[in-house]
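So the mapping is simple: this note's numbering equals the position in the sequence shown, first residue as 1, plus 1189. Heads up, the thing below is written out as structure tokens.
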Amino acid sequence: MRVTGLAGLEASAAGPRPGKPAGTRAAGPCRDLAAIALAQALGEVDRELESRKFVAEQGAVRFVFRADTVETFPAQGLLYYPGPQTYAEPPADKFAQAEALEYQKKDFGGAVQLLRAMCDSREQPPVRAAALLRLARNFRKLGRTDQAVSAYHDLAHVAGAAVDGVPAELVARHALAGLFDHMGDRAGLRREAEEIRALLHSGRHRLSRGPFLFYEGAARQWLGMPVQDDADENLAIAEGVGQFWKQWSEAKLEGSGRLHEWTAGGKPVLLFWRGTRGDLVGLAATPAWLERRWPGESGEVRLALTDANGRTILGHPSEPQTVRLTSATRLPWTLHVMDRGAQEVKNGFDLRRRLLLAGLTLMIGLVGVSSYFMARAVTREVALARLQSDFVAAVSHEFRTPLTTLRQLSGLLHTGRVPGEDRRRQYYEVLVRESERLDRLVDNLLNFGRMEAGAAEFRFEPFDPAGLVRSLVDDFQREVSPHGYRIELTTEADIPAVRGDRVALGRAVRNLLDNAVKYSPDRRTIWVELVQTGPQVVIRVRDQGLGIPASEQAGIFQKFVRGRAAKESTVQGSGIGLAMVSHIIQAHGGRVTVQSEPGTGSTFTLCLPAVEAS
Ligand code: ADP
């Protein structure tokens, strides 16, 4: 694979993909310029690799592969290096005697004597390093921890030596950390773990992948960190270079080119190279490095790269965009160029549209809600006005009937045209009854007026409800018996006293009795019951009259409301009786309820709090 530049990119003005929006008209050339800028940036990388004049940049490492060595720019630029790293080791049989004492004879003291001699500064560093490690180990076995720690410290300072392929300093720090961990010295452990990490990231020692990951993982664990940091760019670059080295050493690469490697942590690493099998110069970089290098990013357009599988390497592809396929760019990546302005305009437009929609929805909601409340208020006003006019008509009618009777009978009596004493007495009785009826009507209206104005006054005092009900029923019985009505009263013994306004409560019961008679044209028995239920005195008035449909039962306690059957019948009424009953009972801390069924009859129940016996 040989890639020589991006001439094709400049030449190919590949338009937007079919079916994709083209963006604004001004954005087209902008996007082409942006793509060209990228081509130029990558061209510079090619030239830099060719001339081998490197500049240091964040997020990028230049490297040279030669036979079995890897050099980097900046020097020590990788956290770890591909291929095995070799260090000077002491002769294999140098420690045979000391190891025989240590392992076979368990003579740790003897081993210490022997090894001490080899820790001398005149010895070669690899020999001293190996001797110090063994010395520290024997001290540990002898329980002489302080001397073991001191031996490890000496080991850490043996420059340029390695033990079993790992720099002595790292081995010493790791052993010290392990010792501190064993001793429960948290501060010591932390200090050594931090030293290990600092050492690993300083690049002071060239490590291969295995040891680096082992010591890094151990130190991170001791420090309570996750074993690996997937966001570490340097780690990604080292991993990318390692994978690239493998391809190069397997002779899979030739000439020059670009590719990317995915790290185990899912990070892409960009790789650019130029050279031969024996000598290759390359650059490994993070996508962020490319973003910084590409001048277009700061302008009106944004860039994104995806691989052949559609996996995003750089940026965030979004609509509207111009897409340059690999065939056009000669890059191993698909290039997406988005108009930053168009995106922002689109975002702004979307935001404005959402705000507008929200505002509109709110307005519609407000208009809806206010219309609902207005309509409800108007409907109520209209209904009340209708009820009021019905009330005026009904009251006028109620007055007219007794007044007509009074006028006619008094006229007849006045002119002396009534024959016989009996007839005259009968007429006088009617006159009395009708004037009483008028009196009650006026009384009711006046009380209703006071109640409406909030001026109704009650005189509360304890009284015997049984006595009140009995006298009311007696009077009422006398009034209605000429019309064939019978009132049956049942009273429990020992009904407790009630605290309240005797007259007002009497008026309430009287209203119920009036209604029971008014709305029972055929079955003319009325039952009145007085019982005690718990702390309450209950008065029930039951009839077998017209009854009230369930749909009307809640409404009849409101002023001016009359039932349909009542309005359609010849029964006179003004619709204020039950409103008054309810008002009076509530003022006494009680409640009034109704149970009724059309055609069967109604039971009105008054519940009043009884006076507690002291
Ligand atoms: P009205 O002057 O119409 O009797 P009320 O406020 O006393 O006014 O009663 C309201 C309505 O309740 C009546 O119009 C009637 O429809 C219904 N109602 C009241 N008591 C009875 C009853 N005992 N039987 C049937 N309907 C009743």
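We treat Cβ as the ideally placed atom computed from N, Cα and C, and that holds for glycine. Computed from a predicted model, the values in this text were never measured in an experiment.
- With a cut-off of 7 Å, the C-beta of Leu1576 is classified as distant from ligand 1, since no heavy atom of the ligand falls inside that distance.
- If you draw a straight line from the Cα of Ile1502 to the Cα of Leu1331, it comes to about 57 Å.
- If you draw a straight line from the Cα of Gln1577 to the Cα of Val1760, it is about 18 Å long.
- Membership of Gln1510 in the beta strand (DSSP E) is indicated by the continuous run Gln1510 to Arg1513.
- Around Thr1495, the same chain offers Thr1501, Ile1502, Pro1506, Trp1522, Thr1523 and His1525 as residues with beta carbons nearer than 8 Å, after the five sequence neighbours per side are excluded.
- Taking 8 Å as the cut-off, the beta carbon of Glu1450 is found closer than this to the beta carbon of Leu1460.
- Judged by the Cβ position, Ile1745 qualifies as a neighbour of ligand 1 at the 7 Å threshold, a heavy atom of the ligand being closer than this.
- The three-state reading of DSSP puts Pro1314 in helix, counting H, G and I together.
- Distance check between Phe1243 and each of Gln1229, Glu1260 and Leu1227 places Glu1260 closest, using alpha-carbon atoms only.
- The alpha helix (DSSP H) runs lying completely inside the region 1236 to 1297 and spanning 4 residues or more are 1285 to 1288, given in chain order.
- DSSP lists Thr1679 and Arg1729 as the beta-bridge partner residues of Glu1718.
- Proximity to Ala1477 across Pro1608, Gln1247 and Gly1349 peaks at Gln1247, based on C-alpha coordinates.
- Contact annotation: Gly1762 and Ala1583 have beta-carbon atoms nearer than 8 Å.
- In summary, Asn1700 is buried, with 16 or more beta-carbon neighbours lying within 10 Å of its beta-carbon over all protein chains present.
- Relative to the Cα of Tyr1708, the nearest Cα in the group Val1567, Val1720, Gly1736 and Arg1696 belongs to Gly1736.
- DSSP, read as helix, strand or coil, puts Pro1400 in helix.
- Of Phe1637, His1772, Phe1401 and Asp1374, the smallest CA-CA separation from Ala1387 is found for Phe1401.
- For the options Gln1666, Ser1397 and Val1352, the alpha carbon positioned closest to that of Pro1280 is the one of Val1352.
- Of the residues Gly1413, Thr1452, Gly1431 and Val1687, the one whose Cα lies closest to the Cα of Asp1419 is Thr1452.
- Residues of the same chain with their beta carbon placed closer than 8 Å to that of Lys1295 are lacking, with the five preceding and five following residues left out of the count.
- In this structure, Leu1601 and Leu1620 do not form a Cβ contact; the two beta carbons are roughly 11 Å apart against a cut-off of 8 Å.
- For Leu1551, no pairing in a beta bridge is given by DSSP.
- Fewer than three pairs of CB atoms, one per stretch, sit closer than 8 Å, so the region 1684 to 1699 makes no contact with the region 1733 to 1752.
- Checking the 7 Å criterion, the Cβ of Ser1660 is out of range of every heavy atom belonging to ligand 1.
- Residue burial is scored here from C-beta neighbours: Asp1235 has at least 16 other C-beta atoms within 10 angstroms and is therefore classed as buried.
- In this structure, DSSP gives His1449 an extended state, which the three-state scheme calls strand.
- In the DSSP secondary-structure assignment, Thr1495 is bridged to Thr1501 and Thr1523.
- Distance from the C-beta of Val1698 to the nearest heavy atom of ligand 1 is not below 7 Å.
- If you draw a straight line from the Cα of Leu1290 to the Cα of Leu1472, it is about 52 Å long.
- Here Glu1278 has Pro1315 as same chain residues with Cβ atoms under 6 Å from its own Cβ, once five neighbours each way along the sequence are excluded.
- A residue is called buried once 16 or more other Cβ atoms fall within 10 Å of its Cβ, and Gln1286, having fewer, is exposed.
- With a cutoff of 8 Å on beta-carbon distance, Ser1438 and Pro1273 are scored as not near each other.
- Between Asn1423 and Leu1268 the beta-carbon gap is near 5 Å, inside 8 Å, which marks them as a contact.
- With a beta-carbon spacing of about 5 Å, Val1720 and Val1727 fall inside the 8 Å limit used to define contacts.
- The beta carbon of Leu1365 sits closer than 6 Å to the beta carbons of Tyr1341 and Glu1381 from its chain, once the five residues preceding and following it are set aside; these are given in chain order.
- Counting every other CB atom within 10 Å of its CB across the protein chains shown gives Asn1704 a total of 16 or more, marking it as buried.
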